[in-house]
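Following: one structure in structure tokens, then a few remarks.
2 protein chains.
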Amino acid sequence: MGDGNLLAGIDPSASAELFEDLLRLPGVRIERIVSTGQASPPDFWYDQGWAEWVLVIAGSAAVQFEDEAELRALGPGDYLFIAPNRRHRVAWTDMGQPTVWLAVHIGEEKP
Amino acid sequence: MGDGNLLAGIDPSASAELFEDLLRLPGVRIERIVSTGQASPPDFWYDQGWAEWVLVIAGSAAVQFEDEAELRALGPGDYLFIAPNRRHRVAWTDMGQPTVWLAVHIGEEKP
Numbered sequence: 833m834g835d836g837n838l839l840a841g842i843d844p845s846a847s848a849e850l851f852e853d854l855l856r857l858p859g860v861r862i863e864r865i866v867s868t869g870q871a872s873p874p875d876f877w878y879d880q881g882w883a884e885w886v887l888v889i890a891g892s893a894a895v896q897f898e899d900e901a902e903l904r905a906l907g908p909g910d911y912l913f914i915a916p917n918r919r920h921r922v923a924w925t926d927m928g929q930p931t932v933w934l935a936v937h938i939g940e941e942k943p
Numbered sequence: 833m834g835d836g837n838l839l840a841g842i843d844p845s846a847s848a849e850l851f852e853d854l855l856r857l858p859g860v861r862i863e864r865i866v867s868t869g870q871a872s873p874p875d876f877w878y879d880q881g882w883a884e885w886v887l888v889i890a891g892s893a894a895v896q897f898e899d900e901a902e903l904r905a906l907g908p909g910d911y912l913f914i915a916p917n918r919r920h921r922v923a924w925t926d927m928g929q930p931t932v933w934l935a936v937h938i939g940e941e942k943p
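Top line first, the protein sequences correspond to chains D and P.
Using the working numbering, the letters of the first sequence map in sequence onto residues 833 to 943.
Using the working numbering, the letters of the second sequence map in sequence onto residues 833 to 943.
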């Protein structure tokens, strides 16, 4: 764990999202997520007790915050901070190509 | 701080490397580095007491570890873990285009 390429091993025809830890240290987890058109269920909200910073590497997606009217559309290079317990969902991901996310989870484990 | 685009605001003709914090939380700092052909001085080694995870977003570069014979050449999507106190330097960065790095510094601040 630790060295590799974010764009390697991607199956554009995968039916499920792929989640893979790239690094895990006390207090920090770096994860690759590959989406192939998936979205969160309509009434589902992520509500997590730690901070998350996400970056779109390839493809496109939109994140919806419960407390905002507008979606946050994200393309390559766009990053977004998700504060602890800020309810959010993935409104859509690219149907035409894989969306590769980098997610940095901060303070996930409780001491 | 927190939301933006990693590829924005890049000056390909910059004479110096650009370092910019994108997120700073207890125990974690996420930084963008833009290199335009710079390298570490020939006998210079970084020797830092915390872990670092670097990802090349655009351009290319090579990292040299003091304890390895071969350089680690990095292109878009390549990531590398640098353990605390593992001495390293930047052997070269792309002369033809900006190299955009994402660096995640973990455990930098001492409690």
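All residues carry an ideal CB built from backbone N, CA and C; glycine is no exception.
Chain D contact for residue i (CB, 8 Å cutoff)
| i | result |
| --- | --- |
| Asn917 (chain P) | no |
| Tyr878 (chain P) | no |
| Val912 (chain P) | In the sequence under discussion, the amino acid at residue 912 (chain P) is Leu, which differs from the Val named in the question. Cβ-Cβ to chain D under 8 Å: yes for Leu912 (chain P). |
| Leu903 (chain P) | no |
| Ile862 (chain P) | yes |
| Ala894 (chain P) | no |
| Val936 (chain P) | yes |
| Leu850 (chain P) | no |
| Gly777 (chain P) | There is simply no residue 777 (chain P) to check, as chain P begins at 833 and stops at 943 in what is shown. |
Boundaries (first-last residue) of the beta strand (DSSP E) holding residue i
| i | result |
| --- | --- |
| Ser867 (chain P) | 860 to 867 |
| Glu852 (chain P) | 850 to 857 |
Distance between beta carbons of residue j and residue i, contact taken as under 8 Å
| i | j | result |
| --- | --- | --- |
| Ala894 (chain P) | Leu903 (chain P) | 4 Å |
| Trp877 (chain P) | Glu898 (chain P) | 6 Å |
| Gln870 (chain P) | Glu849 (chain P) | 5 Å |
| Tyr911 (chain P) | Gly841 (chain D) | Going by Cβ atoms, the distance from Tyr911 (chain P) to Gly841 (chain D) rounds to 13 Å, so no, they are not a contact pair. |
| Pro844 (chain D) | Gln929 (chain D) | 7 Å |
C-beta neighbour in chain P for residue i, strict 8 Å
| i | result |
| --- | --- |
| Ile842 (chain D) | no |
| Gly909 (chain D) | yes |
| Gly869 (chain D) | no |
| Gly836 (chain D) | yes |
| Ala883 (chain D) | yes |
| Gly891 (chain D) | no |
How about the segment 922 to 939 of chain P and the segment 857 to 865 of chain P: do they share at least three Cβ pairs that are nearer than 8 Å? yes
Going along the chain, which unbroken runs of the alpha helix (DSSP H) with 4 or more residues stay wholly within the segment 864 to 942 of chain P? none
If you pair each beta-carbon of the segment 908 to 918 of chain D with each one of the segment 880 to 896 of chain D, do three or more pairs fall below 8 Å? yes
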